[in-house]
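Asks: Shown below is the structure under consideration.
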Amino acid sequence: MGKRSAIVLLPFYCLKNLRISLLLLFSLCLIPWGASANDKRVSSVPDCDINSGSCVNKVGSAQIMMTIEPKPVKAMQELTFTVTLKGAADYKNLRLSLQMPAMYMGNNEVKLVKTAPGIYTGKGVIPKCHSGNKVWSATVELPGLTPSETPFTFNVLY
Amino acid sequence: MGMCGPVVAACSLHHVRKSYLTLIYYNCGRITTYSIIGGIMGLTGSFVAVITPLGHFQYAIMALLGGLMAIMGLFVGGWIPLKSDGVLKGCTAVVSKMARFVSETGSDGAFFPMGMVVGFIPCGLSYTAFIAAAGAGVGAGSRAEGFIKGMSLLFLFGLGTLPALLLLGSLLSAIGQRAKRALYKASACTMIAAGVLLMYRSVTH
């Protein structure tokens with residue numbers, strides 16, 4: 001069949017196989033929606049070694065340090081997240097969001113409660129992804145600052 | 001889609017039926033398992049305490065399901081004869097019954113327990129939902145409240161996964177009905193590939 005006749009016959013093929021065409025069209029529409037589920041602002045390249053110490057980021061004049069215990073940081077076990085703020089406002093509590101940059105794994109949030117001036121602690125679990133990808137990120141929300149959140153990207157042991 | 005997709009594909013391509021009941025029963029079974037596990041998470045208030053013993057069971061289910069799918073794919077594709085003599089006779093009698101079930105002689109309702117089994121396959125996304133269910137249990141006023149909250153959360157999570165999997169199953173079933181003969185071997189290959197993938201993941205976890 002020539003190219004021209006194939007293009008001309010395509011609409012008739014689609015009408016004849018309407019159910020398949022509609023399902024395929026609906027599937028194609030879902031692709032950009034699904035792709036946007038992952039936060040593209042988070043890098044998929046680890047920027048700190050959480051297993052050997054703390055991770056430190058700067059947002060303007062504020063310094064944010066995050067540690068995770070116990071070490072080594074493993075998935076599927078209860079972890080204690082501690083965020084220490086210097087040069088930032090005094091928050092009552094903070095929110096930390098755990099994500100896998102390469103794949104949407106749902107909303108996994110850890111509530112960090114103030115335990116001392118500038119120190120916030122909370123417990124959470126990093127689930128295991130059976131794709132084998134071990135890069136995770138912990139994003140700390142900082143209301144009032146610009147940017148209002150800072151991500152830490154690191155490797156987790158499975 | 002990554003974890004449940006291969007099983008849905010294997011069932012939809014090969015077990016081609018004109019009713020959508022197989023997909024609905026399969027997904028109801030899956031959501032039932034999620035809800036039960038969510039209820040237990042909410043009851044105990046601890047994800048780690050429940051998932052640690054459950055994890056071994058999950059990987060065993062994954063390996064068993066993968067092995068069964070791969071073997072059935074080999075039978076359905078005709079690479080291993082359904083009737084054998086001697087040593088293989090007893091083994092092939094069991095598998096040939098399963099293969100005949102796969103070949104459209106089984107009832108739609110049988111997909112409910114299959115869906116329940118598939119619900120146990122470990123999945124990162126469902127783990128996140130289980131963590132949330134455990135968290136709901138911690139914040140609950142009583143164990144009963146925690147159980148109900150956890151179960152409700154996972155029921156809603158399961159409903160949320162329904163559109164994508166129903167769409168996949170419907171699409172593959174529609175294609176399968178039209179190109180059944182041409183895809184017969186392809187559907188058997190899909191079953192084998194899905195089974196091998198599940199077994200590989202159960203071993204390398």
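Chains as they are written, first to last, in the numbering used here: chain A, 1 to 158; chain B, 1 to 205. In this text, a Cβ means the ideal position worked out from N, Cα and C, and glycines have one as well. Please read all numbers here as calculations on a predicted model, not as lab measurements.
(1) Return the CA-CA distance between B/Met69 and B/Cys189, expressed in angstroms with no decimal places.
(2) Which term fits B/Val138, buried or exposed, when burial requires 16 or more other beta carbons within 10 angstroms of its beta carbon?
(3) Which residue marks the beginning of the beta strand (DSSP E) containing A/Phe81, and which one marks its end?
(4) Exposed or buried, A/Asn108, counting other C-beta atoms within 10 Å across all chains shown (16 or more means buried)?
(5) Using the Cβ count rule (16 or more neighbours within 10 Å means buried), how would you classify A/Phe154?
(6) Between B/Met191, B/Leu154, B/Ala186 and B/Ala63, which lies nearest to B/Thr33 when the distance is taken from Cα to Cα?
(7) Would you verify that the beta carbon of B/Leu125 is, or is not, closer than 8 Å to some beta carbon of chain A?
(8) Can you tell me where the beta strand (DSSP E) with A/Pro151 in it begins and where it stops?
(9) At least one CB of chain B closer than 8 Å to the CB of A/Lys128: is that the case?
(10) Under DSSP, the alpha helix (DSSP H) around B/Tyr26 begins and ends at which residues?
(11) When you check each C-beta in the stretch 121 to 150 of chain A against every C-beta of chain B, which residues fall closer than 8 Å?
(12) Need the endpoints of the alpha helix (DSSP H) that B/Leu54 sits in, please.
(13) So with Cβ pairs under 8 Å, would you call B/Ala129 a contact of chain A?
(14) To the nearest angstrom, how far is the alpha carbon of A/Leu145 from that of B/Leu125?
(15) Mind checking who A/Ser97 pairs with in its DSSP beta bridge?
(16) Can you check which of these residues, A/Tyr158, A/Lys134 and A/Glu141, is closest to A/Met66 by C-alpha distance?
(17) For the stretch 47 to 66 of chain B against the stretch 143 to 163 of chain B, are there 3 or more C-beta pairs whose distance is under 8 Å?
(18) Strictly below 8 Å CB to CB, what residues from chain B border A/Gln77?
(19) Let's test the definition: count the other Cβ atoms within 10 Å of the Cβ of B/Gly39 and tell me whether it reaches 16, buried, or not, exposed.
(20) Just the C-alpha distance for A/Lys114 and A/Leu98, rounded to the nearest angstrom, thanks.
(21) Which of helix, strand or coil does DSSP assign to B/Thr204?
Replies: Quick look at the numbers:
(1) Rounded to whole angstroms, B/Met69 to B/Cys189 spans 10 Å at the Cα level.
(2) exposed
(3) Glu78 to Lys86
(4) buried
(5) Under this definition A/Phe154 is a buried residue.
(6) B/Leu154
(7) yes
(8) Run containing A/Pro151: Glu149 to Asn155, per the beta strand (DSSP E) assignment.
(9) At least one beta carbon of chain B lies nearer than 8 Å to the beta carbon of A/Lys128.
(10) Leu21 to Thr44
(11) Gly124, Val125, Pro127, Lys128, Cys129, His130, Ser131 and Gly132
(12) Taken as a continuous stretch (DSSP letters only), the alpha helix (DSSP H) holding B/Leu54 covers Phe47 to Val76.
(13) yes
(14) 31 Å
(15) A/Glu109 and A/Thr139
(16) A/Glu141
(17) no
(18) Val48
(19) buried
(20) 19 Å
(21) coil
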